[in-house]
Amino acid sequence: MMTNDSKAAVPAPDPVEVEIDAILLEFGGDPRKAIRALLHDLTVLAEDAEASTSRGFVRGKVVRLKARRTDS
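The numbering used here applies: residue 28 is where the sequence shown begins, and numbers increase by one.
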């Protein structure tokens with residue numbers, strides 16, 4: 028007789044994999060559109076961080092990201 032303890036435990040899904048699936052679903056399964064949107068969001072976040080960081084505090088040691096062309 029099998030008990031609950033002897034059954035193989037089903038591992039919880041990886042949260043990152045769940046988010047990847049959600050992003051792909053949001054863009055109709057098109058990985059290029061999903062990657063484009065993620066890169067755009069990353070650029071916006073980097074620009075916001077750069078704008079809110081004091082140059083004197085970091086003494087100019089901030090890596091600047093160059094804007095990429097935006098193809099639609």
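Positions of the beta carbon are idealized from the N, C-alpha and C atoms, including for glycine.
Of the listed residues the options, nearest to residue i (C-alpha basis)
i, options, result
"P42", "I50, K60 and E77", "I50"
Between the CA atoms of residue j and residue i - distance to the nearest angstrom
i, j, result
"A59", "D75", "It is worth fixing the name first, because residue 59 is Arg in this sequence and not Ala. In a straight line, the C-alpha of R59 is about 24 Å away from that of D75."
"T80", "L69", "16 Å"
"A73", "A35", "44 Å"
"D48", "G56", "9 Å"
"E46", "V71", "20 Å"
Residue i vs residue j beta-carbon contact at 8 Å
i, j, result
"F54", "A64", "yes"
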